[in-house]
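Residue numbers (the working numbering): 734 to 1068.
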């Protein structure tokens, strides 16, 4: 199968691409290699991919419609895994324009490309951030998600709506994945595990928001990739039982489906920090702060529909996942 993976030099994109290549698929990677975080980390991921058979790379920005269309025209991908986006909740408060450009305009360009260059299936990244002000857990894809607390979350909800329109109008199978706090080797430097590990090693103080009273459904990268690929392989069909009088927002009479992709096992933030301290054999200097704008106190994924549809089953405990990340970090940064 020939896949086009956007954000291929990113954290999830890199691991997904590597998985596909290892099983024998062909992958066209797209990434703009922007400087939101250390470009050398993205380049190192890309170098690993370029050493594998079946991989080609196009350095383009998905906001560049002409270049994106050319990739579709020249490569004729059969399936799309769209992971390119501007990530981060707090960054969206200080840099909102980048989210409109990448997550709205860029997503629109992807939909248009699929419209004019038909594909078998487009799987796209959404986020647990769409749940926003919701407090009833576990979060279900059948919940109303009309109260996002960050522009990032709002753009991801917009993506889901836009994808449904294109599925309905142009018969394009669309599957959206709401990711829950992904972590692991080759992770993003703006994520908590990376920040905490770096600062504890260097003897710097870590900021602990909401006075440590956070819970997160941390999901290891291998489990995330397993879910992505299972969904991509399972081309979504229209739901013939969908009821327009009692509409289920996670599915449709169109070829459209939303899934949560998480570990289904929230972890207290303070326990998470204790695990890092234990693996590093070093205590953290802690500064407790109030809840930050855009943050939610708890995430917990109801993954029943993903399990039922694909057989998805997360395998990695938080203890093993944190240990694997720290081993990678120590090796990569030669600590």
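The beta carbon of each residue, even a glycine, is placed where N, CA and C say it ideally should be.
Residue closest to residue 1043, alpha-carbon to alpha-carbon, out of 1006, 1051, 956 and 1056: 956
Strand pairing of residue 741, partner residues [DSSP]: Paired residues: none, contrary to the question.
Validate contact between the segment 742 to 756 and the segment 918 to 933 using beta carbons, cut 8 Å, 3 pairs: yes
How about residue 1014 and residue 950: do their beta carbons lie closer than 7 Å? no
By a C-beta neighbour count over all protein chains shown, 10 Å radius and 16 as the cutoff for buried, is residue 776 buried or exposed? exposed
Going by DSSP, what residues sit across from residue 911 in a beta bridge? 859 and 993
Quick one: is residue 783 buried, meaning 16 or more other Cβ sit within 10 Å of its Cβ, or exposed? exposed
Would you report the Cα separation of residue 1084 and residue 813, rounded to the nearest angstrom? The first residue shown for the chain is 734 and the last is 1068, placing residue 1084 beyond what the model contains.
Hey, quick one: how far does the beta strand (DSSP E) through residue 941 stretch, first residue to last? 938 to 941
Round the Cβ separation of residue 840 and residue 892 to the nearest angstrom and send it over; I've been treating them as touching at under 8 Å. 5 Å
Beta-carbon separation (whole angstroms), residue 853 vs residue 811, contact threshold 8 Å: 5 Å
Heavy atom of the ligand FMN less than 6 Å from the Cβ of residue 859, yes or no? In the structure on display, the ligand FMN does not appear, and there are no ligands present to speak of.
Let's test the definition: count the other Cβ atoms within 10 Å of the Cβ of residue 902 and tell me whether it reaches 16, buried, or not, exposed. exposed
Need the endpoints of the alpha helix (DSSP H) that residue 841 sits in, please. 839 to 849
Checking the sheet assignment: what are the DSSP bridge partners for residue 815? 739 and 857
Could you spell out where the alpha helix (DSSP H) holding residue 780 opens and where it closes? 772 to 783
Please classify residue 1064 as buried or exposed, where buried requires at least 16 other C-beta atoms within 10 Å of its C-beta. exposed
Rounding to the nearest angstrom, what Cα-Cα distance links residue 899 and residue 848 in this structure? 8 Å
What distance in whole Å lies between the Cβ atoms of residue 907 and residue 989, which are believed to be in contact at a cut-off of 8 Å? 5 Å
Which residue from 834, 779 and 880 puts its Cα closest to that of residue 1027? 880
Using the rule of at least 16 other Cβ atoms within 10 Å of the residue's Cβ for burial, across every protein chain shown, is residue 778 buried or exposed? buried
Using 7 Å as the threshold, is the C-beta distance between residue 793 and residue 760 below it? no
Which residues mark the beginning and the end of the beta strand (DSSP E) in which residue 1069 is found? The chain is shown only over 734 to 1068; residue 1069 falls outside these bounds and no answer can be derived.
Option nearest residue 1054 by Cα separation, candidates 948, 954 and 939: 954
Among the residues of its own chain, which have a CB less than 6 Å from the CB of residue 1032, if the five just before and after it don't count? 861, 913, 949 and 950
Rounded C-beta distance between residue 889 and residue 863? I'm assuming under 8 Å. 5 Å
Please state whether DSSP places residue 921 in a helix, a strand or coil. coil
Quick check on residue 970: does DSSP put it in helix, strand or coil? coil
From residue 823 to residue 749, what does the alpha carbon distance come to, in whole angstroms? 26 Å
Skipping 5 residues on each side, what residues in its chain have a beta carbon closer than 8 Å to that of residue 754? 760, 782, 785, 786, 787 and 788
Does DSSP put residue 750 in a helix, in a strand, or in coil? helix
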